[in-house]
Structures are given as structure tokens and as C-alpha cells.
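Chemist: Chains as they are written, first to last, in our numbering: chain A, 953 to 1257; chain B, 220 to 523; chain C, 152 to 460.
Even glycine gets a Cβ: it sits at the ideal position worked out from N, Cα and C.
Just passing along the structure, written as C-alpha cells.
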């Protein structure tokens, strides 16, 4: 795949390698959620996986986090095949892969305070966080982490519901940083946030990446966000990768028609390029033809279930 | 830090709560006047149970056939020797109600605790692991429900003999299914929440996920069922004792008093009514306390 | 889209955004009027809906939240006015106030007027408001999954308003509903008519919601984040559909959104809300080119945009 797309991250050592991943769900009426996906993420880069709902990006994320078993194919992290690891080894390796999920409201246990939430990876992986001195150690580390994401170290005794969406997402990021991960999976990290907050979270992520040499696997549907942070982009549709390449190339010279369709669909915050003004020209694509106005494309066509 | 909107009333009052979580919890509890009354009733009951021999004016089993079915002191024919009157064997009602507190509280709390523990473990396992674990455990629950509890009681009494602990055992074993069902359905919806997914992704063990993430979030419905179950178990003990499958005759329980009293309801109402009132007060107090504790356990409750 | 857009140098601010080619649709005239210089603050046409000094409070146990503070908006016949703001800005509370749909309590309409056809919607009796809802003023909500009844067939839900408001027979209402489903571009409407909401994709469900809103030929459509829950390609189609239907039927649209991209794509005029107040109103071109308010500038700066050239 890398050679075909001409995007081999030659200068980067591969950190995460997905090879021929496939996942089928259900028995007789089963469906293929991920179909023959191969992808390499180099150390220190940001790879963005882009696709619309139902394209399989969530399943792919869960496969690489080993929350789901693939039907076929392999996931290698730092050269190790996750499937070959014993449960205890896998648990140790999970320390190096952390995750920030989309919804800062449901990604936190409402009954845990901030110290409990941010400290959880430490308690899980770091022997120093357990035992008699553990509590003091965790609190000190949590304080540092909170400060590193721009929060006050004194909020440790408070609960998630007391914070705004942006603050919660910072807490999630602090938690992901708690055990010196190498790869962070960011699943739509800003799509539940207001734009002004979103911009700041993206800045924070970029800064942390630079400072700590992190690798990001970013899942997003928002191409405008992807453009700001991604080194490479993988476009997914109906379980398959339709295009993988350097970000600038994918955005400016998309090879696949679906990529172009995605790009064209992004609302442009410029009224002169908006539809009303374009529509005034002869290029009115929505076409009031026959009975139907703007018949649905395959993005929304068809039945559910 | 980030933009905060005027529509989100947060921040300021929360800081106060953060200072002392425990004192804030206590404050919330004491703020609820009804809960304070309920707690006081429970305290009185507990004292009555522990110090029954000191508090009761009479031996609860002392019969005096000459003064049988005497009405309470304030009624015509009553005397100050028996404040709440006497039963069909001339035993002092007040003493019997006080002594009855012992067994009734023990049976209620014990059965609810046993059923709660079994049900929670089963529900957590079924809901969290799903698949065949879930299927096996839920079939087991169906069998349990379909199996007549009287038959189970008979079997246990047949095997072990009767007594207080076997009553608790029977009531615990027959009561766990509703806990398991509720915990299971809560866990199934919690399992797909992001915070559980995240915990799994970072390698938190299953046991730790259940303890840290699932159990605290199912405590509220557990408390609700538990409080209802305490009252139900106290009454159920009566039916078992009535059938001779419960505690020995000479052990005083509200249940057996109720069973005795129903024969005299038309003529001597007090024999059934006083243990009934005691039972009602107990379950009411437990229910209110349970509700209040549930509110206290919710971190969001501190937001004033 | 990437090739033929005019560069900013082509036009100066405030200049009419007159198209170079003839307009395909008749209602375009009103739209152009709204774009005329100086038309930003007050459209020349008589407003169909006028919100004046609206104040909405939420009286919670412990505090009163002033969700909307003295908001004034005018919506002219045939135009699209976008109300844009971040969460908590009061934009949804404003939209829901038009039909008094904020939950009461805790909501209290503390002041102001909402004038529609000479009546103040904040004070008309509930019964009269019931006639206006869905008939003269219709709403489309963000989440098409929760705004459709999962247990009733799609067709019946679209026809419901007609039977309720216009007293049509079941057959007449059904025929009109079928036509509406066809008009919003639902393929094979006869089949969809008999289906249940869960059998439809998100985009189709939102089309059903639009059909249900438009079947009674409302004069005003209030769309509260109508595409936020949808994928981008579907969002694009739904936005196109809304614009097309508006042009065909000449209704006024009050569009609530957080996305300046959506505003730019669809609106004639825009009102920016922040902390319960309208901080800026004007023609889209004016506001995007020369934002007068600091907050508007911040919002524009924070909006991510795809730079493809």
C-alpha cells in the first residue's frame, strides 16, 4: 500500500503497522466492517483517518486498540504482533498506547474525581502509584499533568460535571499522557466542542506532540481539522481505504472521486463561495428536476439495519 | 481557561464542595430534614434491638392467661402494667414489639445483604462479559424465579434444620434475581460508555473496571431495590415462621406477631396493629434513608 | 468549487453580490434586495416575524440564568436569517421562544415581543399558538432520530399536521404527505411512506422531518442545527434541499447553527449571538468581510477552513 500510494514515511520508523486487517460482524447475515486495511504510522507523525459514519473507522480504531479481535490480518506495534502477546504482556504494552475519545461527557466516570480519572493509567501500570506512598505520588504527578495541559493543579478533588467540554477534553489529554505513551489514538477529539475551544485543543495537541515526540492516530470526519494537524491522511469508505497519502497531496490533488466529494461537501466559511452565490450561476447542481430536489447521494441512500 | 457560557452555572459553588467532600456529603444529608428523622428512627430501632432486655418491661414470653387480650392502657379495660396491651396468651405487647426488633432487623438486613451480594456479582458478570456467561447466568435466574420459594425453604429446612440463619439464607437465595437483572441492564449500558472503553483500552483489568467504574454507577438502583427488599424480607420471615419453616416459636418476631394477630383482628386489633406499625416505620425509615444516601453518593448532588 | 470562485479583489464590501448570469428562480429578487448596500441592518421588506427585546430566563432552584437578554431580530419574507453562536449563546432558546417551546418551568419569558401577523406570540392563548405551530411556523430539529416517533410509520407522521390543522381526510392528507416526501427528494416515496423511522438512514430521516415541516406550507421555517448530526456529504445535500425548497415556496427561514460554514452557504443575513445577546447583525457579506464586533472576529478566526490552493 505504501509504495502504491507513494507515501512511504521513509524518514520515519514505523511505529504502528496494520496489515490486511479485516473484521466481520455477525454470523449468517454478517457484514464486513473493515475490509483488507493496511496502513503504517511512522514514529512522531500524525496520521488522520477520515471517513463518514458507518465507514468502519470506529471498528478499525477498536481493532488497533485490540478491543476487538480481527477476523484476519495483524496489528504490529513497535514491531510486536499484538495477537502474539500473552494477556499480561498486552496489558504492559497498552501503557504505550493511550486514547482520547470524542465525547468529553461520556468518556469520564461521573463518580470518579479528577485525580482518580487522570491517575487511572498510573494506578494500572505504574508500581510506584500503588501501595502506601502511591496516593501522594499520584497526586503529585496528576498535578503536573494538569498543568501541562493548561489546567489548574488544584482541581483534583472536583468531579467531571463541574467542567466545560473543553476543560474535560484537557483532562482526557492529561490522562492519556500519564504513563508516557508513544501513540495516542484521538477519536474525534474536538467534534463535540465549540470552534474557539476546538482551536485551542488542537494547538495544545500540536504543542504536546512536539514537546514529547508523540505519534497521533487521529480519527475525524472534519477535513478542516485534519488539514491543521495531519501529516498524512487515509480516507476510508465502506470498510476500505480508498486513498492514503501526504496530507497536502490528498487535500489538493485527491486521486479518488470520493475524497473529492468529501472535500467539496465541507461548508466554506466564505459567503462568496457559498451555494447561494454559486447557485446564482448556471452551475446549480441541486437541480430541481422532476419531483425530487437534490436526490440523496449514496452517502445517505438506502435502508438501515 | 476556556470560554464559559452564562448558561452553564458551574465553577464557583463547586469549589466549596471540593474543600471537604465528606463534610459536604454529611451536610447534604443533614440538610434533608426527612432523612434526619428517618435516621433517628433507625437509630432508635437499633438501640431497641441491642438493649431489648434493658428496655422491655417484661419477659416477652411470659404468659399470663388471666390477662389475655387486654387492650392498650389508654383504652377502656387497659392497665398501665401493659402499655400496649397483651396478646392471646397474655404476653406483654410492648415487650414483644421491642424484642421483635432484633430478629426482624437482622432478617431484613441479612437477607437484603445476601441477596444484594449474590445479585450484584451475577449481574456484573452477566452484563460485563455478555455472551455465554450472560446466557448461563440469566437462565439460572429464570430457573430461580420459576422455582417455588416454599419448596426451596422446605429443602433447606429439611437439610439443615430451621433457625434464624436459615431464614436469612432462604430469603437471600430467593431474592437475588431482581438485583441481578437490574445490575445487568445497567452494566450493559455502562459497558458501551466511553469511559469503560477507555479503561479497557489502557489495560485496566476487568476486576478493576467492575470495582472502579461499574459498581459505583449501579449503587443507586441497588440501594432502591435493597431498601424495598428489607421490608419484604421482614414480612416474608413471617410467612415462613407461620408455616413452621422459620425461627422457633419462642423467638419473637414482628412477622409471627402479625400472623398471630390476624386471628384476632376483629376483636383485639392491637395484637396485629402494633407489630404492623413497627414494620411500616422501619421500612419507611429505611426507604427514606436509602434515597438520601443515594443522593449523597452522587457527586452532582453537591451542586447547590 | 475550487476554480471559479471570485477572489476578494473582484468585489468590494457592500457591493451587491449580483450574479453575472440570469437567475433561475423567481424569488431571487427578494434575496438580492436583502444583499443591497445598507440592507444589512434592516431589510426593506416588511418582516414576517419580528423578535423585539426578547428576554428569556431560566429560573433554577438556586439561580436564575439569563439565557436570552434583549434580543431583537427581523425576518423578512423569503429570506434566510442565520443565528450563529456557540453553545450557551442563547440561540436555541431564542428559536424555541418563537413557538414558546422552552420548557416552562424553568423557563420564563421575562420580556419582549415576538410579532407574527400582528400578534404577539408570547401572549397569544395556547390554543391559538397550537394552530400556528406546524401550520404557519414549522420547526426542524437537530436530531432526526429523537424527533420522529419510533412506533409510527413515516407517512402517518408527515400527514399528521395536515389532518390536525387543516382537517383533511386520511386519504387527502396521505396523498399530500406522499407528495411532500417526493418533493424533499426521497426516492421511492411510496415504499418509504409505509416504513418506520429506524428503517431510514440519518439523511433520509432529516428529509422526512423537512417534509413534515413543509407539508403545511408554513410561512416561516425554524431550523435548529438541522445538519449538525449528519455527515458532511449528507449535510451538503440537506442544505441544498433547504435552499431549493425555500426558493420554490418563498418562505422565510430562521436557521440556528454553530457553523459559520453553514451560514456562508445558506444565509442572506446573519445574527451573531454571544452570552444571550445579539452582538452583530448584518448581510452575510458585510459580516464576513468586515466583522464589527470583537466576538464575531474571534469566531471567524477560530473557524477552521480548508485551504486547498
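Taking residue 1075 of chain A as the reference, which of A:1021, A:1145, A:1127, A:1055 has the closest Cα?
Modeler: Within the first chain, residue 1075 of chain A is the residue found at index 123, counting from 1. Taking only the C-alpha atoms, the option nearest residue 1075 of chain A is A:1127.
Chemist: Where does residue 1050 of chain A fall in DSSP's three states?
Modeler: Counting from 1 along the first chain, the entry for residue 1050 of chain A is found at position 98. Correct three-state label for residue 1050 of chain A: strand.
Chemist: Pick from C:205, C:348, C:369, C:412: whose alpha carbon is nearest that of residue 229 of chain C?
Modeler: What you label residue 229 of chain C is simply residue 78 of the third chain in a count that begins at 1. Of the candidates C:205, C:348, C:369, C:412, the one whose C-alpha sits nearest the C-alpha of residue 229 of chain C is C:369.
Chemist: According to DSSP, which residues form a beta bridge with residue 1169 of chain A?
Modeler: Start at 1 with the first residue of the first chain, and residue 1169 of chain A comes out as number 217. DSSP, once it has assigned bridges, lists A:999, A:1137 as partnering residue 1169 of chain A.
Chemist: When we look at the beta-carbon of residue 1120 of chain A and count the other beta-carbons within 10 Å, is it buried (16 or more) or exposed?
Modeler: Reading the first chain from its first residue, position 168 is the one you call residue 1120 of chain A. Buried, since its Cβ has 16 or more Cβ neighbours within 10 Å.
Chemist: If we count the other Cβ atoms within 10 Å of its Cβ and call it buried at 16 or more, is residue 351 of chain B buried or exposed?
Modeler: What you label residue 351 of chain B is simply residue 132 of the second chain in a count that begins at 1. Burial call: exposed.
Chemist: Taking only the alpha-carbon atoms, compute the straight-line gap between residue 308 of chain B and residue 387 of chain B and give it to the nearest angstrom.
Modeler: As a working mapping, residue 308 of chain B is identified with position 89 in the second chain. As a working mapping, residue 387 of chain B is identified with position 168 in the second chain. So the two alpha carbons sit approximately 28 Å from each other.
Chemist: Compute the distance between the beta-carbons of residue 1016 of chain A and residue 1027 of chain A, then report whether it is under 8 Å.
Modeler: Position 64 of the first chain, counted from the start, is the residue given in the question as residue 1016 of chain A. Position 75 of the first chain, counted from the start, is the residue given in the question as residue 1027 of chain A. Yes, Cβ-Cβ distance for residue 1016 of chain A and residue 1027 of chain A is below 8 Å.
Chemist: Taking three-plus beta-carbon pairs below 8 Å as touching, is the stretch 400–416 of chain C in contact with the stretch 213–233 of chain C?
Modeler: The stretch 400–416 of chain C, when compared against the stretch 213–233 of chain C, does touch it at the 8 Å Cβ threshold.
Chemist: Taking 8 Å as the CB-CB cut-off, is residue 506 of chain B touching chain A?
Modeler: By 1-based counting over the second chain, the position of residue 506 of chain B is 287. Judged by the 8 Å Cβ criterion, residue 506 of chain B is not in contact with chain A.
Chemist: In chain order, what residues of the same chain lie with their CB nearer than 8 Å to the CB of residue 1135 of chain A, ignoring the 5 residues before and after it?
Modeler: Taking the first chain and counting its residues from 1, the one referred to as residue 1135 of chain A is at position 183. Only 967, 968, 993, 1029, 1048, 1049, 1050, 1166, 1167, 1168, 1169 meet the Cβ criterion.
Chemist: Pull out every residue of the stretch 394–417 of chain C whose Cβ sits closer than 8 Å to any Cβ of chain A, in chain order.
Modeler: Residues passing the 8 Å Cβ filter: 394, 395, 396, 399, 409, 410, 411, 412, 413, 414, 415, 416, 417.
Chemist: Quick check: is the beta carbon of residue 348 of chain B nearer than 8 Å to any beta carbon in chain A?
Modeler: One-based indexing of the second chain puts residue 348 of chain B at position 129. It does not: the Cβ of residue 348 of chain B has no partner Cβ on chain A nearer than 8 Å.
Chemist: Output, in chain order, the set of chain B residues within a Cβ distance shorter than 8 Å of residue 1043 of chain A.
Modeler: Position 91 of the first chain, counted from the first residue, corresponds to residue 1043 of chain A. Going along chain B in sequence order, the residues near residue 1043 of chain A (Cβ under 8 Å) are 422, 424.
Chemist: Could you list which residues in chain A have their beta carbon closer than 8 Å to that of residue 244 of chain C, in chain order?
Modeler: Counted from its first residue, the third chain places residue 244 of chain C at position 93. Going along chain A, no residue has its Cβ under 8 Å from residue 244 of chain C, so there is no contact; the nearest lies around 16 Å.
Chemist: Cβ atoms of residue 1094 of chain A and residue 1125 of chain A: under 8 Å apart, would you say?
Modeler: Start at 1 with the first residue of the first chain, and residue 1125 of chain A comes out as number 173. Start at 1 with the first residue of the first chain, and residue 1094 of chain A comes out as number 142. Not a contact, by the Cβ cut-off of 8 Å.
Chemist: Interface residues of chain A around residue 513 of chain B at Cβ under 9 Å?
Modeler: Locating residue 513 of chain B in the second chain gives position 294, where the first residue counts as 1. Near residue 513 of chain B there are no residues of chain A at all, since even the closest Cβ is about 12 Å away, more than 9 Å.
Chemist: Please confirm if residue 1113 of chain A has its CB atom under 8 Å from at least one CB of chain B.
Modeler: Your numbering for residue 1113 of chain A matches position 161 in the first chain. Answer yes: the Cβ-Cβ gap between residue 1113 of chain A and chain B drops below 8 Å somewhere.
Chemist: Give me the Cα-Cα distance between residue 278 of chain B and residue 394 of chain B, rounded to the nearest whole angstrom.
Modeler: Translated into positions along the second chain, residue 278 of chain B becomes position 59. Translated into positions along the second chain, residue 394 of chain B becomes position 175. Each residue's Cα considered, the two are about 34 Å apart.
Chemist: Got a sec: is the Cβ-Cβ distance from residue 1298 of chain A to anything in chain C below 8 Å?
Modeler: No answer is possible for residue 1298 of chain A: it lies beyond the span of chain A, which begins at 953 and ends at 1257.
Chemist: If you run the structure through DSSP and keep just helix, strand and coil, what is residue 414 of chain B?
Modeler: As a working mapping, residue 414 of chain B is identified with position 195 in the second chain. Residue state, collapsed to three classes: helix.
Chemist: What would DSSP say about residue 217 of chain C, mapped onto helix, strand or coil?
Modeler: Counting from one through the third chain, the residue named residue 217 of chain C turns up at place 66. Of the three classes helix, strand and coil, the one that applies to residue 217 of chain C here is strand, per DSSP.
Chemist: Please report the distance separating the alpha-carbon of residue 246 of chain C from that of residue 1201 of chain A.
Modeler: Against the third chain, residue 246 of chain C aligns to sequence position 95. Against the first chain, residue 1201 of chain A aligns to sequence position 249. Looking at the two C-alpha atoms, the distance is approximately 42 Å.
Chemist: For the stretch 408–469 of chain B, which segments carrying the beta strand (DSSP E) assignment without a break, of at least 3 residues, lie completely within its bounds, in sequence order?
Modeler: DSSP runs (the beta strand (DSSP E)) wholly in the stretch 408–469 of chain B: none.
Chemist: Comparing C-alpha positions only, which one of A:1073, A:1132, A:1171, A:1224 sits nearest to residue 414 of chain B?
Modeler: Translated into the one-based positions of the second chain, residue 414 of chain B becomes position 195. Checking every option, the nearest Cα to that of residue 414 of chain B belongs to A:1073.
Chemist: Quick check: the Cα distance between residue 1068 of chain A and residue 1080 of chain A, rounded to an integer number of angstroms?
Modeler: Along the first chain, read from residue 1 onward, the residue named residue 1068 of chain A stands at position 116. Along the first chain, read from residue 1 onward, the residue named residue 1080 of chain A stands at position 128. About 15 Å.
Chemist: Determine the direct distance from the alpha carbon of residue 501 of chain B to that of residue 1112 of chain A, and round the result to whole angstroms.
Modeler: Position 160 of the first chain, counted from the start, is the residue given in the question as residue 1112 of chain A. Position 282 of the second chain, counted from the start, is the residue given in the question as residue 501 of chain B. Roughly 36 Å between the two C-alpha positions.
Chemist: Measure the alpha-carbon distance for residue 214 of chain C versus residue 1185 of chain A and round it to whole angstroms.
Modeler: Taking the first residue of the third chain as position 1, residue 214 of chain C is located at position 63. Taking the first residue of the first chain as position 1, residue 1185 of chain A is located at position 233. Whole-angstrom Cα-Cα distance: 48 Å.
Chemist: Give the list of continuous alpha helix (DSSP H) stretches no shorter than 4 residues that lie fully inside the stretch 333–406 of chain B.
Modeler: For the stretch 333–406 of chain B, whole alpha helix (DSSP H) runs of length 4 or above, ordered along the chain, are 350–365, 368–379.
Chemist: Just to confirm, is the Cβ distance from residue 430 of chain C to residue 446 of chain C under 8 Å?
Modeler: Here residue 430 of chain C refers to the residue found at position 279 of the third chain. Here residue 446 of chain C refers to the residue found at position 295 of the third chain. It is a contact, given that the beta carbons lie within the stated cut-off.
Chemist: Give me whichever residues DSSP pairs with residue 1026 of chain A in a beta bridge.
Modeler: Within the first chain, numbered from 1, the residue matching residue 1026 of chain A stands at position 74. Answer by DSSP bridge pairing, in chain order: A:971.
Chemist: Enumerate in chain order the residues of its own chain whose CB-to-CB distance from residue 428 of chain C is below 6 Å, with the five nearest sequence positions on each side excluded.
Modeler: Taking the first residue of the third chain as 1, we reach residue 428 of chain C at position 277. Result list for residue 428 of chain C: 220, in chain order.
Chemist: Measuring alpha carbon to alpha carbon, tell me which of C:377, C:329, C:364, C:209 ends up nearest residue 289 of chain C.
Modeler: The residue you call residue 289 of chain C lines up with position 138 of the third chain. Out of C:377, C:329, C:364, C:209, C:364 has the C-alpha closest to the C-alpha of residue 289 of chain C.
Chemist: If we ignore side chains and look at the alpha-carbon of each, how far apart do residue 401 of chain B and residue 338 of chain C end up?
Modeler: Translated into the one-based positions of the second chain, residue 401 of chain B becomes position 182. Translated into the one-based positions of the third chain, residue 338 of chain C becomes position 187. Cα-Cα distance, rounded: 43 Å.
Chemist: Of all the options C:453, C:316, C:267, which has the alpha carbon lying nearest to the alpha carbon of residue 371 of chain C?
Modeler: Translated into positions along the third chain, residue 371 of chain C becomes position 220. Minimum Cα distance to residue 371 of chain C is reached at C:267.
Chemist: Less than 8 Å between C-beta atoms, sequence neighbours within five positions excluded: which residues of the same chain meet that for residue 938 of chain A?
Modeler: For residue 938 of chain A there is no data in the structure shown, the boundaries of chain A being 953 and 1257.
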